[in-house]
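Position 106 of the sequence shown, counting from 1, maps to 106 under UniProt numbering, and the rest follow consecutively. All residues carry an ideal CB built from backbone N, CA and C; glycine is no exception. Nothing here was measured: the structure is a model prediction, and the numbers come from that model. A short write-up of the structure that comes next.
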Amino acid sequence: MAKSESPDIEVGKMYFRYGDHFPGRISSMCMLSSVVKAIEEKLTKRQLSMFKKDIFGHFLECRSFPFSGVILHNLLLRQVAHEEDSREDQLWFQIGKHLIRLSIVEWCLVTGLSFGVDTNQENDEMEQRLRNMYFGGVHRKINVNQFDAVFKELKFEEIDDMDALKIALFYFADRVLNARKNHCQINFDWLDQVDDIQYFRKRPWGLLSWEMIYESLDNALFEKDEKFKKTRLKNPDHNIEKYNLYGFTSGVQAWIYEAIGGLPSTWVVKTKNKIPRILQWKPMASSRINFAEVYSFFNDESRLGDVLQTFEPNSKENSRKYWLSVNDYLPSIPNWVHKHQPSINAMPSVTRQSDEHDDHDDIPNPIPEQRHDTFEDEVGHDTFEDEVAVDDHQQQTDNSDDARDSEATLVRHAPCRTKPRCDRQPVARFRFTRLSS
């Protein structure tokens with residue numbers, strides 16, 4: 001399906017009919033937990049204290065945030081077509097009879113990252129000082145996987161505290177917010193820019209991370225339904241479609257946990273009442289979750305708790321910098337949402353699961369016994385539900401088709417698909433409208 005660019009999908013309809021739904025396995029490139037672990041282990045006590053007080057410091061509380069790809073896949077199957085004028089600042093999904101929105105508002109409240117106008121600039125005055133001093137100079141190539149090892153080899157106790165902070169801030173931004181495949185080169189522009197730490201802090205990281213995750217989500221299932229059908233015709237044993245997600249997927253998970261009430265405690269537990277909201281949630285090991293139970297849950301009104309269509313700031317959030325930064329750019333709810341009739345997407349009848357071996361007439365291509373293995377990355381030691389972000393050379397043995405297909409997903413226009421550039425520099429390009437005071 002050509003997501004947002006599809007002209008033949010009626011507004012309010014899901015891109016994929018229920019009969020076309022299929023099990024999926026996602027590889028997430030986001031390394032949140034392993035990056036947090038590396039920063040905590042490598043920085044000195046003073047350096048770590050400095051990081052905690054800086055723009056990404058709150059994420060240090062996300063020490064264990066396993067990826068739940070089966071939940072994200074079930075969400076993506078339910079993406080709803082929306083109008084041209086609302087395309088670039090919000091995504092809509094139908095859960096049961098409810099529409100839920102992921103926009104800059106929800107992203108801000110979940111991640112605690114700020115928005116605003118981006119003033120991306122190249123700072124020639126820095127002359128790549130950090131590169132020359134710590135990373136072998138401007139002519140050395142370093143991919144994101146290699147940087148993991150380089151970071152862990154640095155002797156931070158011998159490094160100037162401010163330089164250590166700058167390197168850690170860059171590492172978090174590039175490996176978590178800008179997450180992409182391991183063979184891609186690190187963002188050297190960001191490494192140069194972080195040397196001007198005040199400029200780096202002022203960049204709208206909420207906007208930059210939103211832009212990347214928006215593209216990744218909006219195009220993740222492009223033509224995957226047709227690929228699944230064709231492959232299954234050739235191979236009846238083909239029961240799952242593999243693909244990748246790029247960017248800050250942990251933020252999407254936290255939004256799902258906030259938006260959809262009643263999620264079982266075997267999937268996620270709310271442990272705190274803190275802000276930003278990502279800090280409230282502890283995802284469970286994803287080996288406990290299978291496609292069939294999530295699929296049934298999302299279709300069963302009797303099991304869903306309160307479902308929040310949009311998020312509103314609470315009294316504490318109202319005064320936070322990240323909310324004030326987005327308050328002037330609030331996207332309006334499109335008219336079609338107010339008129340939306342859930343019946344436009346005919347749901348299958350729901351069969352309650354008494355155990356995981358029940359028949360599931362409502363599950364397309366049912367494989368209720370299939371649970372997604374938990375893998376551990378050799379470098380990051382993140383526990384993900386699906387294949388973790390491993391080097392492309394490692395992926396060839398198990399995920400070669402997926403690796404090739406996913407290279408073509410991060411696009412906006414179906415007729416001219418191109419591979420996403422590894423050196424992609426997020427640029428603020430969404431059409432935000434400042435509200436008049």
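I need the boundaries of the alpha helix (DSSP H) containing residue i, first residue and last residue.
i, result
"Phe228", "Lys224 to Lys234"
"Val326", "Lys321 to Val326"
"Val337", "Asn335 to His338"
"Arg131", "Arg129 to Tyr134"
"Leu191", "Phe188 to Gln193"
"Tyr246", "Taken as a continuous stretch (DSSP letters only), Tyr246 belongs to no alpha helix (DSSP H), as it is neither H nor E."
"Phe172", "Asp161 to Phe172"
"Leu32", "Leu32 to Lys42"
"Leu48", "Lys45 to Lys52"
"Ile95", "Counting along the chain, Ile95 falls outside any alpha helix (DSSP H), though it belongs to the beta strand (DSSP E) covering Gln90 to Ile95."
"Val105", "Ile104 to Thr111"
"Lys202", "Ile197 to Lys202"
"Lys152", "Val144 to Glu153"
Quick one: residues in its chain with C-beta nearer than 8 Å to the C-beta of residue i, no 5 flanking neighbours on either side, listed in chain order?
i, result
"Val307", "Ile95, Gly96, His98, Ile100, Ala259, Ile260 and Gly261"
"Cys62", "Leu32, Ser33, Val36, Ser250, Ile278 and Leu279"
"Phe59", "Leu32, Val36, Phe172, Val176 and Ile278"
Determine the burial state of residue i: buried for a count of at least 16 other Cβ atoms within 10 Å of its Cβ, exposed for fewer.
i, result
"Val144", "buried"
"Asp192", "buried"
"Asn182", "buried"
"Glu211", "buried"
"Gln341", "exposed"
"Glu215", "buried"
"Asp163", "buried"
"Gln309", "exposed"
"Ser319", "exposed"
"Lys42", "buried"
"Asp89", "buried"
"Lys166", "buried"
"His393", "With a pLDDT of only 30 at His393, under 50, the local geometry of the prediction cannot be trusted, and the value read off the model is given with reservation. Exposed, by the Cβ-count rule."
"Ala346", "exposed"
"Gln198", "exposed"
"Leu233", "exposed"
Just to confirm my understanding: we take residue i, look at its own chain, exclude 5 residues before and 5 after, and list those with CB closer than 6 Å. What are they?
i, result
"Phe170", "Trp190, Leu191 and Val194"
"Gly247", "Ala179, Met212, Ile213 and Ser216"
"Thr231", "His238"
"Trp323", "Pro313 and Glu317"
"Gly305", "Gly261 and Gly262"
"Lys282", "Val269 and Thr271"
"Asp358", "Bear in mind that a pLDDT of 43 at Asp358, under 50, signals an unreliable position, so the number given afterwards is only what the model happens to contain. The answer is none, since no qualifying residue turns up."
Starting from residue i and walking both ways along the beta strand (DSSP E), at which residues does that stretch end?
i, result
"Ser209", "That residue, Ser209, is in no beta strand (DSSP E); its alpha helix (DSSP H) goes Trp205 to Asn219."
"Val294", "Looking at the DSSP string, Val294 is not in any beta strand (DSSP E); the run it does join, the alpha helix (DSSP H), is Phe291 to Asn299."
"Tyr257", "It is not in any beta strand (DSSP E) - Tyr257 instead sits in the alpha helix (DSSP H) that spans Thr249 to Ala259."
"Gly24", "Gly24 to Ser28"
"Lys270", "Val268 to Lys270"
"Pro283", "Trp281 to Pro283"
Confirm, please, whether the CB-CB distance from residue j to residue i is below 8 Å.
i, j, result
"Gly24", "Ile213", "no"
"Val36", "Pro276", "no"
"Ile333", "Trp205", "no"
"Ile186", "Asp174", "yes"
"Glu40", "Leu32", "no"
"Phe151", "Ala38", "yes"
"Gly251", "Trp92", "no"
"Trp267", "Ile71", "yes"
"Ala168", "Phe51", "yes"
"Leu209", "Leu113", "Residue identity differs from the one stated: residue 209 is Ser in this sequence, not Leu. Yes, these two residues count as a Cβ contact at 8 Å."
"Arg78", "Met133", "no"
"Met29", "Leu177", "no"
"Arg46", "Asp160", "no"
"Leu75", "Ile256", "yes"
"Pro331", "Ile104", "yes"
"residue 520", "Thr44", "The question about residue 520 has no answer, for the chain in this structure spans 1 to 437."
"Val326", "Phe115", "yes"
"Gln146", "Val138", "no"
Beta-carbon within less than 7 Å of residue i's beta-carbon, same chain only, minus the 5 sequence neighbours each way: which residues are those?
i, result
"Arg203", "Asp118"
"Asp20", "Asp225"
"Val11", "Ala81, His82, Glu83 and Trp336"
"Arg303", "Gly262 and Phe297"
"His73", "Gly24 and Ile26"
"Val294", "Val70, Ile71 and Asn74"
"Gly57", "Phe51"
Shorter than 7 Å, the distance from the beta carbon of residue i to the closest heavy atom of the ligand FMN, or not?
i, result
"Val110", "This structure simply doesn't include the ligand FMN, nor any ligand for that matter."
Check whether chain B comes within 8 Å of residue i, counting only Cβ atoms and requiring the distance to be less than that.
i, result
"Lys339", "Note that chain B does not occur in the displayed structure, where there is just one protein chain."
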